[in-house]
Structures are given as C-alpha cells and as structure tokens.
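The UniProt record's numbering puts the first residue of the sequence shown at 1, with every later residue one more than the last.
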Amino acid sequence: MIVHDTDDQDRVRATFKFYPTPENLGADSGSYALTGNYQAGHLLLDPDYWIDNPGYRMVGLNGELEDADTLTGAMGSDTCGPFSVQRISDEADPPPPED
Numbered sequence: 001m002i003v004h005d006t007d008d009q010d011r012v013r014a015t016f017k018f019y020p021t022p023e024n025l026g027a028d029s030g031s032y033a034l035t036g037n038y039q040a041g042h043l044l045l046d047p048d049y050w051i052d053n054p055g056y057r058m059v060g061l062n063g064e065l066e067d068a069d070t071l072t073g074a075m076g077s078d079t080c081g082p083f084s085v086q087r088i089s090d091e092a093d094p095p096p097p098e099d
C-alpha cells in the first residue's frame, strides 16, 4: 500500500496493490486507488477506482499507526484478513488519474 498526503489537511490518497504470495499462489494481481482521512494515528480509507481490476471487488481499510513505520488494521470485508504494512520509503508516486 502506498499512502500519499494531499493538499487538504487530513485527507490522503492511497494505492493498494495485491498479488499472489507463497501462502496463496492462486490469487490474482491487481491494484486500486483509495481516498480517506488520517487523524491522530488512525487511517480510514474508502475505495475510489480500479487501476488494474482482476475481477475482484474493492474494499476499504481501517488501521492504526503502531509506530512511526507500521500500520495495522482490518480490511472492509469479512472474507479478507487483517493487514500490516511497513514503511519502506518516504517517496512514492500517487495513484494514476482515473480514466
């Protein structure tokens, strides 16, 4: 997941990318854009549009900042498990514009 600040105070944009893992080799790859808010260590993201749609449905994310580099939380679907992401860079490109 890539999270980007916006010009609005607490608004953020994000790109969520997913792909097969050793635990789930049958999963497809894809990505979508999200928009949301970040306040006091809490990130709430709602799906916006598909960048690469493999036929899945988009879900939102609701997470808490555990420390300066770790965000954990829940996906907005009962069929998805929890998530945990680590900061690997301070620089990233925002999601491409919707076609």
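Glycine included, C-beta positions come from ideal geometry on N, C-alpha and C. Predicted model only: the values in this text are computed from it and were never measured.
(1) Using only alpha-carbon positions, find the residue among Leu71, Val59, Ala40 that is nearest to Asp46.
(2) Mind listing, in chain order, the continuous beta strand (DSSP E) runs of no fewer than 3 residues lying wholly within the segment 37-86?
(3) The beta strand (DSSP E) spanning Ala14 covers which residue range?
(4) Just confirm the distance between the C-beta atoms of Arg13 and Ala33, as a whole number of angstroms; I'd bet it's less than 8 Å.
(5) What is the DSSP secondary structure of Gly30, reduced to helix, strand or coil?
(6) Please return the same chain residues whose Cβ sits closer than 6 Å to the Cβ of Asp52, not counting the five positions on each side in sequence.
(7) Would a C-beta distance cut-off of 7 Å place Asp78 and Pro54 closer than the cut-off?
(8) How big is the Cα-Cα spacing for Thr15 and Gly76?
Straight from the coordinates:
(1) Taking the sequence shown and counting its residues from 1, the one referred to as residue 46 is at position 46. It is Val59.
(2) 42-52, 61-67, 70-75, 82-86
(3) Here residue 14 refers to the residue found at position 14 of the sequence shown. First-last of the beta strand (DSSP E) with Ala14: 11-18.
(4) Here residue 13 refers to the residue found at position 13 when the sequence shown is read from its first residue. Here residue 33 refers to the residue found at position 33 when the sequence shown is read from its first residue. That pair is a contact at about 7 Å.
(5) Numbered from 1 along the sequence shown, position 30 holds the residue referred to as residue 30. Strand.
(6) The residue given as residue 52 occupies position 52 in the sequence shown. Same-chain partners within the cutoff: Gly30, Ser31.
(7) For the purposes of this step, residue 78 is identified with residue 78 of the sequence shown, where counting begins at 1. For the purposes of this step, residue 54 is identified with residue 54 of the sequence shown, where counting begins at 1. Cβ distance not < 7 Å, so Asp78 and Pro54 don't count as in contact.
(8) What you label residue 15 is simply residue 15 of the sequence shown in a count that begins at 1. What you label residue 76 is simply residue 76 of the sequence shown in a count that begins at 1. Approximately 15 Å, taken between the alpha carbons.
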